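To convert, take the position in the sequence shown, counting from 1, and add 1; that gives this note's numbering.
Heads up: the structure comes next, in structure tokens.
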Amino acid sequence: MKTSWDEIARALEDNLGWHPREEDSLTRLTKFSSAVDLKAILEEFSDLDLPEEFELLNNRASKAIYKLRNSIVHYRPAQHKIEMDTINWEKICRAMVGIVVDVYEAVFSGKSA
Numbered sequence: 002m003k004t005s006w007d008e009i010a011r012a013l014e015d016n017l018g019w020h021p022r023e024e025d026s027l028t029r030l031t032k033f034s035s036a037v038d039l040k041a042i043l044e045e046f047s048d049l050d051l052p053e054e055f056e057l058l059n060n061r062a063s064k065a066i067y068k069l070r071n072s073i074v075h076y077r078p079a080q081h082k083i084e085m086d087t088i089n090w091e092k093i094c095r096a097m098v099g100i101v102v103d104v105y106e107a108v109f110s111g112k113s114a
């Protein structure tokens with residue numbers, strides 16, 4: 002095939018409105034995160050017991066991050082409602098900084114998602 006993957010992705014998005022699922026990509030990236038940071042995210046958004054298994058912890062935390070992201074950037078009053086005033090933003094920001102540092106360290110050290 003002579004067409005680059007960038008061109009194929011562009012054509013899919015332009016012509017079909019298709020693009021990779023952001024939540025799946027986020028889950029692949031957050032697998033490089035520490036369990037401590039992922040637990041901090043979940044503690045803020047879930048009353049459920051925190052899973053001990055890392056894969057389940059990562060899946061739940063990435064869903065919580067993605068839901069928060071959507072609540073911030075998209076106005077959909079009937080969907081994904083999160084009470085912004087009740088969030089401990091300092092705790093979330095500290096955990097997110099830890100996640101970003103972990104992901105960058107993994108990517109720049111050559112680990113693959």
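Virtual Cβ for every residue (Gly too), placed ideally from N, Cα, C.
As the structure is a prediction and not an experimental result, all values here were calculated from the model.
Residue i, enclosing alpha helix (DSSP H) - first and last residue
i	result
Leu30	23-31
Glu45	36-46
For residue i, three-class secondary structure by DSSP
i	result
Thr87	helix
Lys64	helix
Leu51	coil
Beta-carbon gap between residue i and residue j smaller than 9 Å
i	j	result
Glu91	Ala65	no
Ile83	Lys68	yes
Ala107	Ala41	no
Neighbourhood of residue i by C-beta distance below 6 Å, restricted to the same chain and skipping five residues each side
i	result
Pro52	Leu58
Close-in-space but distant-in-sequence residues of the same chain around residue i (CB under 8 Å, 5 per side omitted)
i	result
Thr31	Leu39, Asn59, Ala62, Ser63, Ile66, Ile100, Val104
Lys112	Phe33
Residues near residue i by beta carbon distance below 7 Å, same chain, minus five either side
i	result
Ser35	Gly99, Asp103
Residue nearest to residue i in terms of C-alpha spacing, selected from the options
i	options	result
Cys94	Phe33, Leu43, Ser26, Glu56	Leu43
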